[in-house]
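**Student:** Numbers 0 to 202, taken from numbering that gives the first Met the number 0, label the letters of the sequence shown in order.
Yeah, the Cβ is synthetic: ideal placement off N, Cα and C, and Gly gets one too.
For reference, the structure I am asking about is given below.
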Amino acid sequence: MPRKPLAALAASVSALVVAGFALAHGGGPGSVQAASATFDAATVTDLHSGTCTGADGTYTRTKATYTGTATSSDARLNGTLTVRAKTFYNADTNLGVVEGHFRVEKADGHTNGKFVAVDTNGTLDGWLGGRAHGPHAGLLGGFSATFDPTAGFSGGQLGTGSSTNSAVFVSGHCGGDDEQGSGDGQKHQKHPKHGKHKRNGKR
């Protein structure tokens, strides 16, 4: 595969590492809340495709926009879904990667971010990171879906609750004065000064 697509993919992965929130000395998110959704995006527009030759065979490259619906009990993940995705896939090995941007549009705001996934014979196993606007929170999680560049995403699952495919919203701030990052959130008082000891242990 060409170096440029791989570099872009690596950049996307790096972005996911810091998406949504950061852990600072003495603090962190004030809330970590489980999140889940199902999604389909089967309306395909602006599909472009081509091929390139890699060390292990011929790859098909595609770029397209996919629209559909995300469904969730959490309003931040419930609405019209738009996905802009790029794919790199080897039909001989049945392996490839998919990466891009997503946006869930709802009445009082939106949730958007980036994702990257491994494509194994049309089954995606991926990771996403983003931010919800209204109420504000960072979104981090694993997802799975069935995917075909010409047919879109189907049977998508975000945050199913299993250890391999969970998702969370993180928000707020968990403050603390512990600059060593122990996270106890309590101030450490200095020891009171004791009077000078006289010789023989007498004060």
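Using a 10 Å radius around the Cβ and a threshold of 16 neighbouring Cβ atoms, would you call P204 buried or exposed?
**Tutor:** A query on residue 204 cannot be resolved here, the shown segment of the chain reaching from 0 to 202 and no further.
**Student:** Going along the chain, which residues of its own chain have a beta-carbon closer than 7 Å to the beta-carbon of Y88, five neighbours each way excluded?
**Tutor:** Around Y88: Y58, T59, G95 and D118.
**Student:** Within 10 angstroms of the Cβ of S48, are there 16 or more other Cβ atoms? Answer buried if so, exposed if not.
**Tutor:** Counting Cβ neighbours within 10 Å, S48 comes out exposed, since fewer than 16 surround it.
**Student:** Suppose the cutoff is 7 Å on Cβ atoms and the five residues either side in sequence are ignored; what does the same chain contact list for A74 look like?
**Tutor:** Answer for A74: K105, listed in chain order.
**Student:** Check this for me: beta carbons of F152 and G78, under 9 Å apart or not?
**Tutor:** Their beta carbons are not under 9 Å apart, which means F152 does not touch G78 by this criterion.
**Student:** In angstroms, rounded to a whole number, what distance separates the CA positions of L123 and T145?
**Tutor:** Cα to Cα, L123 sits roughly 6 Å from T145.
**Student:** Rounded to whole angstroms, what's the CA-CA distance from K85 to P148? Just pull it up for me.
**Tutor:** Cα to Cα, K85 sits roughly 9 Å from P148.
**Student:** Mind checking who G151 pairs with in its DSSP beta bridge?
**Tutor:** According to DSSP, which records beta bridges pairwise, G151 is partnered with D147.
**Student:** For G108, collect the residues of the same chain with a Cβ closer than 6 Å to its Cβ; drop the 5 residues on either side in sequence, then sort them by chain order.
**Tutor:** Excluding sequence neighbours, G108 sits near H132 and G133.
**Student:** What number of angstroms, rounded off, separates the C-alpha of A54 from the C-alpha of N93?
**Tutor:** Roughly 15 Å separates the two Cα atoms.
**Student:** Taking a contact to mean a Cβ-Cβ separation below 9 Å, would you say T37 touches Q156 in this structure?
**Tutor:** Result yes, Cβ atoms of T37 and Q156 sit closer than 9 Å.
**Student:** Exposed or buried, D176, counting other C-beta atoms within 10 Å across all chains shown (16 or more means buried)?
**Tutor:** Only weak support is given to the placement of D176: the predicted model assigns it a pLDDT of 48, under 50, and the question is left unresolved by the model.
**Student:** List in chain order: all unbroken beta strand (DSSP E) runs of 3+ residues lying wholly within the segment 20-69.
**Tutor:** You should have 30-33 and 36-53.
**Student:** For the beta strand (DSSP E) containing G133, list its first residue and its last residue.
**Tutor:** Neither: G133 is in no beta strand (DSSP E) and is coded neither H nor E.
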